[in-house]
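Asker:
Chains as they are written, first to last, in the numbering used here: chain A, 144 to 433; chain B, 144 to 433.
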């Protein structure tokens, strides 16, 4: 199976467990709505690409880490779309979970997907028990408090935002988690991959801000353009301008490529990042920046 | 250390990690508000009592399972109190998390505590790696979908409630998880403890309904009396009457005692349950039912 197929197969399997016979029917439908059809599945693709670059010693462990990370990303989108945050009615061209199923169900879908993420890792690493705790600790660190996604979102409620901590926690942490777990699952050293993870996480944050400012649908996030400024959120294009933001994106992608450590699949991995970079950019800007 | 001290020490330790230096300050305060001071800590006490009855072979593993279960219980209270569910302004005699910190922070506190629960198990079982996956899978099963807490809450959004599935998922599942993880951590067989877990979970559901109907503060849940009927939720006292509900509680406690399996600490454990049963009952009813 190629990487996209491994991801969709794994997501289907995780959702079969989460919505098994006996699940309240509306919750089951809403869980599926939150996860299928997916966006670009950038984070799990990154996780599996790192695992492949390191030799993919335990593909089952890499798969479940990738799936857990994508389930957590979906959970964060469902909760972020809720009225008390972005109040977004659309996601990936369809109604957001709370718009379609109500706030109660949206809250529970997010909670259920968080639990399903950790359950997936526990279930799928029974043959590789020495990987269970490191994978779960790494993933939890990327999504929880004090430094993960949850903390990133919480910075928006502070009277003074620590912008570096905010971006690192809200966007970079899950990229970093994807890279680290890919390395861990394949017996690589996650420390060797930290420079790459930081650069890629920052690049994705800039790309996301470019989408928001320039318009067009971002495959990864799937949120409507202009939402940041409507919600008064920090956006790099507003602070430094479009040209400078595009420059920064190019520099960050080059930095990511430079930071790929020595490993069996380093060249393939570098090519993948360059390719991904074009994909990350809004189509209207891709020619200017390529 | 005795059981209550092990629990409070473990909760403090888990919260030190979750609110470590760099955590957004409001989120850190709200996380602590959700967890301290605690209620009766019934579920973690049960977990550690089962582990003790089985010989407590790996006290560190039992501790982290107990802490994870209590963190998840606290998370569920924070989310249940939110406006889209119970809209409760009070919890354990203090403002609920959303009343004090706003809806955004309450949503994130719940998410953060769910993550912290699994992170705690992963962090604290590094010396006992064969226990990590079974503990996390058991806990996730008790709180997630299709059969755990999240599913239980979701039944309230269905046009037709499956009452048995609802009570089992909403209340009994976490008791069952507490009992099972206590046994697993101590090398016991969780299957031997299922009868006890079922009876205790059902007893607690009846006790909770009695509190709601009879008034008085329930140490465990800490929710104001009469909330179920105001929110149109099923309550056993409304369906079968006060006397019959008290009878059922007594029968369930006796059933729990009868279902304690052979193990080194069976007698102490039976005495603990009888003692707990008195504690479970509203003070105004305790003399009638004892």
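We treat Cβ as the ideally placed atom computed from N, Cα and C, and that holds for glycine.
#1: Is there a Cβ of chain A sitting closer than 8 Å to that of residue 266 of chain B, yes or no?
#2: If I'm right that residue 351 of chain A touches residue 315 of chain A with Cβ under 8 Å, what's the distance once you round it to whole angstroms?
#3: What does residue 272 of chain B touch in chain A if you count any residue whose Cβ is under 8 Å from its own?
#4: Can you give me the Cβ contacts of residue 177 of chain A inside the same chain, cut-off strictly under 6 Å, excluding the 5 residues immediately before and after it?
#5: Suppose you measure from the CA of residue 273 of chain B to the CA of residue 207 of chain A; what does that come to, to the nearest Å?
#6: So, does the stretch 230 to 237 of chain B touch the stretch 286 to 302 of chain B, judging by three or more C-beta pairs under 8 Å?
#7: Pick helix, strand or coil for residue 266 of chain A, following the three-state DSSP scheme.
#8: Answer yes or no: does any C-beta atom of chain A fall closer than 8 Å to that of residue 258 of chain B?
#9: Please work out which residues of its chain come closer than 7 Å, Cβ to Cβ, to residue 432 of chain B, disregarding the five sequence neighbours upstream and downstream, and give them in chain order.
#10: Out of A:155, A:230, A:329, which has the shortest C-alpha to C-alpha gap to residue 180 of chain A?
#11: Round the Cβ separation of residue 288 of chain A and residue 170 of chain B to the nearest angstrom and send it over; I've been treating them as touching at under 8 Å.
#12: Between the Cα of residue 248 of chain A and the Cα atoms of A:192, A:166, A:189, which residue gives the shortest distance?
#13: Pair every Cβ in the stretch 223 to 234 of chain A with every Cβ in the stretch 259 to 266 of chain A, then say whether three or more of these pairs are closer than 8 Å.
#14: Which residue wins for smallest C-alpha separation from residue 145 of chain A, given the options A:191, A:225, A:377?
#15: Given that residue 161 of chain A touches chain B, what residues does it touch there, using C-beta distances under 8 Å?
#16: Considering only residues of the same chain and omitting the five flanking positions on each side of residue 151 of chain B, which have a CB-CB separation below 7 Å?
#17: Compare the C-beta of residue 300 of chain A against all C-beta atoms of chain B and say whether one is closer than 8 Å.
#18: Runs of 4 residues minimum, wholly inside the stretch 278 to 312 of chain B: which ones carry the alpha helix (DSSP H) assignment?
#19: Give the residues of chain A in contact with residue 251 of chain B, contact being defined as C-beta atoms less than 9 Å apart.
#20: Looking at the unbroken alpha helix (DSSP H) that takes in residue 179 of chain A, where does it start and where does it end?
#21: According to DSSP, is residue 147 of chain A part of a helix, a strand, or is it coil?
#22: Output, in sequence order along the chain, the residues in the stretch 161 to 188 of chain B whose CB is closer than 9 Å to any CB in chain A.
#23: Roughly how many angstroms lie between the CA atoms of residue 331 of chain B and residue 387 of chain B, to the nearest whole one?
#24: Ordered along the chain, which non-local residues of its own chain (more than five positions away) have a Cβ less than 7 Å from that of residue 370 of chain A?
#25: Can you name the residues of chain A whose CB is closer than 8 Å to the CB of residue 248 of chain B?
#26: Taking the DSSP output, what are the residues bridged to residue 234 of chain A?
#27: Step through the CB atoms of chain B and report whether any lies within less than 8 Å of the CB of residue 194 of chain A.
#28: Residues in its own chain within less than 7 Å of residue 402 of chain B by CB, not counting five upstream and five downstream?
#29: Counting only the same chain and skipping the five closest in sequence on each side, list residues whose C-beta sits under 7 Å from that of residue 408 of chain B.
#30: Using a Cβ cut-off of 9 Å, which residues of the stretch 195 to 209 of chain B contact any Cβ in chain A, in chain order?
#31: To the nearest whole angstrom, what separates the beta carbons of residue 204 of chain A and residue 271 of chain A, a pair I think is in contact under 8 Å?
#32: For residue 304 of chain B, which residues in the same chain have their Cβ closer than 6 Å to its Cβ, ignoring the five residues on either side in sequence?
Answerer: The structure says:
#1: What you label residue 266 of chain B is simply residue 123 of the second chain in a count that begins at 1. Taking Cβ atoms only, chain A reaches closer than 8 Å to residue 266 of chain B, which makes this a yes.
#2: Within the first chain, numbered from 1, the residue matching residue 351 of chain A stands at position 208. Within the first chain, numbered from 1, the residue matching residue 315 of chain A stands at position 172. Rounded, the Cβ-Cβ distance is 11 Å, inconsistent with contact.
#3: As a first step, residue 272 of chain B must be located in the second chain, where it is residue number 129. Per Cβ cutoff of 8 Å: 272, 273, 275, 276.
#4: The count along the first chain starts at 1 and reaches residue 177 of chain A at position 34. Only 217, 221, 240, 252 meet the Cβ criterion.
#5: Stepping through the second chain from its first residue, residue 273 of chain B is reached at position 130. Stepping through the first chain from its first residue, residue 207 of chain A is reached at position 64. Cα to Cα, residue 273 of chain B sits roughly 18 Å from residue 207 of chain A.
#6: no
#7: Within the first chain, the letter at position 123 stands for residue 266 of chain A. Here residue 266 of chain A sits in helix by DSSP.
#8: Sequence index remark: in the second chain, residue 258 of chain B carries index 115 (1-based). It does; some Cβ of chain A falls within 8 Å.
#9: Here residue 432 of chain B refers to the residue found at position 289 of the second chain. With a pLDDT of 46 at residue 432 of chain B, under the threshold of 50, the modelled position of that residue is not reliable, and the figure given next carries that caveat. Here the set comprises 389, 392, 393, 424.
#10: By 1-based counting over the first chain, the position of residue 180 of chain A is 37. The shortest C-alpha separation from residue 180 of chain A is found at A:155.
#11: On the first chain, residue 288 of chain A is found 145 positions in, with the first residue counted as 1. On the second chain, residue 170 of chain B is found 27 positions in, with the first residue counted as 1. About 6 Å separates the two Cβ atoms, so the contact holds.
#12: The residue labelled residue 248 of chain A in the question sits at position 105 within the first chain. Nearest of A:192, A:166, A:189 to residue 248 of chain A, Cα basis: A:166.
#13: no
#14: Counted from its first residue, the first chain places residue 145 of chain A at position 2. For the residues A:191, A:225, A:377, the minimum Cα distance to residue 145 of chain A belongs to A:191.
#15: Sequence index remark: in the first chain, residue 161 of chain A carries index 18 (1-based). The contacting residues are 287, 288, 289.
#16: Here residue 151 of chain B refers to the residue found at position 8 of the second chain. Here the set comprises nothing.
#17: Indexing the first chain from 1 puts residue 300 of chain A at position 157. Interface residue, yes.
#18: Runs of the alpha helix (DSSP H) inside the stretch 278 to 312 of chain B: 292 to 298, 306 to 310.
#19: The residue given as residue 251 of chain B occupies position 108 in the second chain. Residues of chain A with a Cβ closer than 9 Å to the Cβ of residue 251 of chain B are, in chain order, 222, 288, 293, 294, 296, 297, 300.
#20: Looking up residue 179 of chain A in the first chain gives position 36. Segment: none, residue 179 of chain A is in no alpha helix (DSSP H) and carries neither H nor E.
#21: Along the first chain, read from residue 1 onward, the residue named residue 147 of chain A stands at position 4. Residue 147 of chain A falls in the helix class under three-state DSSP.
#22: Cβ contacts with chain A: 161, 162, 163, 164, 165, 166, 167, 168, 169, 170, 171, 173, 174.
#23: Counting from one through the second chain, the residue named residue 331 of chain B turns up at place 188. Counting from one through the second chain, the residue named residue 387 of chain B turns up at place 244. Between residue 331 of chain B and residue 387 of chain B, the C-alpha separation is close to 35 Å.
#24: For the purposes of this step, residue 370 of chain A is identified with residue 227 of the first chain, where counting begins at 1. So the qualifying residues of the chain are 229, 231, 355.
#25: If you number the second chain from 1, residue 248 of chain B lands on position 105. Correct list: 297, 300.
#26: Here residue 234 of chain A refers to the residue found at position 91 when the first chain is read from its first residue. Paired residues: A:237.
#27: Taking the first chain and counting its residues from 1, one reaches residue 194 of chain A at position 51. Not an interface residue.
#28: Counting from one through the second chain, the residue named residue 402 of chain B turns up at place 259. Cβ within range, chain order: 338, 339, 342.
#29: Position 265 of the second chain, counted from the start, is the residue given in the question as residue 408 of chain B. Answer for residue 408 of chain B: 195, 196, listed in chain order.
#30: none
#31: Numbered from 1 along the first chain, position 61 holds the residue referred to as residue 204 of chain A. Numbered from 1 along the first chain, position 128 holds the residue referred to as residue 271 of chain A. Confirmed, Cβ separation roughly 5 Å.
#32: Within the second chain, residue 304 of chain B is the residue found at index 161, counting from 1. These residues qualify, in order along the chain: 298.
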